Amino acid sequence: MTKCCIRGCNSNSRENDEGLSFFRFPRNEALQNLWKDNIGTENIKPFKVVRVCSKHFEDNCINRTLDVVRLKDDVVPTLFPLQQKRIKVLRQKCRRLKQKVHDFQGIIDELKQKNFVSHESAILLEECAGSPEFLSRQIFKHRDEPCPRKYGEDIRKFALTLNFLSPKAYKFVRTTYNDCLPHPRTLTKWYQSVDAEPGFTTEAFKTLKIKAQNSPRPIICTLVIDEMAIRKGLYWDNSSKKFYGRINTGIMEESDSTEEASECFVMLLTSINEAWKLPVGYFLISSLTGEQKSHLVQVCIQMVEETGINIVALTCDGLAANFAMFQDLGCDLQKCQEKTVFAVENQKVFAFIDPCHCIKLIRNAFGDLKVIIDREGNKIEFKYIKLLLELQEKEGLHLGTKLSKAHVEFATQKMKVRLATQLFSNSVADALEFFKYNLKLSQFQGCSPTAQFIRIFNNPQQSISSTSRLEKSHFL
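Here the sequence shown is numbered in full-length UniProt numbering, starting from 1 and rising by one per residue.
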């Protein structure tokens, strides 16, 4: 089957058209080039199978008087109706595109009439209309061509400002200009411009300074430090174009040989006379010595003091490295528990071991050791807790306690503070003494030291948990 080689022409030899003929390319090289120029296919080669149908020649160019229909000498194809139609459509698109671009001022006027934007916003729109990038994006959109994924600085500033001033106007302009402006979700990511690199957070200290200046009274805070385990791994941040996950203290430059971090050392400021908390820094680490922690704490206290806020206490877990930190700061809690204060530039700071962590450590030791000997030689035994639980489950009654199986078998739930605090409660001590003195059960006859041990740790909890100065519970 013979086909016409001109793009868009579907003529072939199977058509029942008696007047349709097909012609080869001429052998004359100069005439061949003229045919190529008119057809527009410069790379086509005049092979024997390549044909041009008679629809692309005028009638006076074809000799039909002979038995075989032939072309006259030196004629070229000049009729291209489909190409002319396509050119007309492209010209219409180009004209409409120019009208769209040139009618930008009309859209601004329409925004003003609909009260979408103020005068200041209209000025911003006019500035954006002259941006070459904005115009080029419109052209790309109308051509159905992909736009560059990265937006320029001018477009970013315009989009963020306009969306901030009037989200309704931003949606209107974005729809009118064929989504040439970024999506609102993209703007949300751009708003997240806070520098959250490891180290001390500059934005946090600026906020503290403003808070101290605007507060009618001195602000007193406590500094809380803790280490949290994190999963090792490198993670790519598209906004900063870098990998995160290696040890980073905000001071040294990272390298490919730097070890991956396994912990995050966090410093949190908690207000005592106001209701707010603020992280002031974090450090990606694998481990920290007591001396290193001491240095970071002193630097943090000095930086906070410069903002006008006073730190009066430091709270942390009861880890060995933290006791070494306190020793380096000037208060050795392991040797002298009565000295719980240290000084940083003449500012007294009191040292506190986190009560929640301490009560969990005591519960863990009590559950693992099973038996503890007090100063008088009496046995404090964990078996009475188990006997109390077994008796309550057997009888189906609880003597005002919250004791459950989870409180005794706590190995998989060691982080839950309530399981430890509910174990060391007056209700558990009262239940043990009730079985001994009231019911006179033989298996509870030696439970008095255990009940006294439980009360010793219940009373501090009551005092610490209280928010009233008139709390009736007695410390120890």
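Note that beta-carbon positions come from the ideal geometry of N, C-alpha and C, so glycine has one too. All of these numbers come straight from a predicted model, not from anything done at the bench.
State the start and end residues of the unbroken alpha helix (DSSP H) segment that holds residue i.
| i | result |
| --- | --- |
| Met325 | Ala320 to Leu329 |
| Ile385 | Lys383 to Glu395 |
| Trp35 | Glu29 to Ile39 |
| Phe366 | Pro355 to Leu369 |
What did DSSP end up calling residue i once you bin it into helix, strand or coil?
| i | result |
| --- | --- |
| Val52 | strand |
| Asp226 | strand |
| Cys221 | strand |
| Lys402 | coil |
| Val297 | helix |
| Arg70 | strand |
| Ile210 | helix |
| Glu409 | coil |
| Phe205 | helix |
| Lys168 | helix |
| Asp237 | strand |
| Glu306 | helix |
| Phe352 | strand |
| Gln347 | strand |
| residue 481 | As displayed, the chain neither begins before 1 nor continues past 476, which places residue 481 out of reach and without an answer. |
| Leu111 | helix |
| Leu187 | helix |
| Lys379 | strand |
| Ser11 | coil |
| Thr315 | strand |
| Cys5 | coil |
| Glu153 | helix |
| Gly250 | coil |
| Phe57 | coil |
| Leu20 | coil |
Please confirm whether residue i and residue j have their CB atoms less than 8 Å apart.
| i | j | result |
| --- | --- | --- |
| Arg51 | Phe22 | yes |
| Ile373 | Leu208 | no |
| Ala451 | Leu439 | no |
| Phe116 | Lys168 | yes |
| Phe352 | Val312 | no |
| Asn458 | Phe434 | no |
| Ala212 | Ile219 | yes |
| Gly281 | Gly199 | yes |
| Leu223 | Leu314 | yes |
| Cys359 | Ala420 | Note on residue identity: the sequence assigns Ile, not Cys, to residue 359. Yes, Cβ-Cβ distance for Ile359 and Ala420 is below 8 Å. |
| Val341 | Cys331 | yes |
| Ile464 | Ala429 | no |
| Phe57 | Leu71 | yes |
| Gln422 | Lys405 | no |
| residue 477 | Trp190 | Lying outside 1 to 476, the shown extent of the chain, residue 477 is not represented and no answer is given. |
| Thr78 | Asn33 | no |
| Gly233 | Glu260 | yes |
| Cys336 | Val417 | no |
| Gln443 | Leu399 | no |
| Met303 | Phe205 | yes |
| Thr201 | Pro279 | yes |
Tell me where the beta strand (DSSP E) around residue i begins and ends.
| i | result |
| --- | --- |
| Leu423 | Premise fails: Leu423 lies in the alpha helix (DSSP H), Val417 to Leu423, not in any beta strand (DSSP E). |
| Gln462 | Not the beta strand (DSSP E): Gln462 falls in the alpha helix (DSSP H), residues Ser448 to Ser465. |
| Asp430 | Element bounds for Asp430: not the beta strand (DSSP E) but the alpha helix (DSSP H), Asn426 to Glu433. |
| Ala343 | Val341 to Val344 |
| Pro279 | Lys277 to Ile285 |
| Tyr244 | Lys242 to Tyr244 |
| Ser271 | Glu263 to Ser271 |
- Message: For the segment 356-369 against the segment 398-417, do three or more pairs of beta-carbon atoms, one drawn from each stretch, fall closer than 8 Å, so that the two count as touching?
- Response: yes
- Touch check for the segment 256-266 and the segment 390-398: three-plus C-beta pairs under 8 Å? no
- Query: Hey, is the segment 280-291 in contact with the segment 311-325, meaning 3+ C-beta pairs nearer than 8 Å?
  - Reply: yes
- Query: Between the segment 295-308 and the segment 231-241, do at least 3 Cβ pairs fall closer than 8 Å?
  - Reply: no
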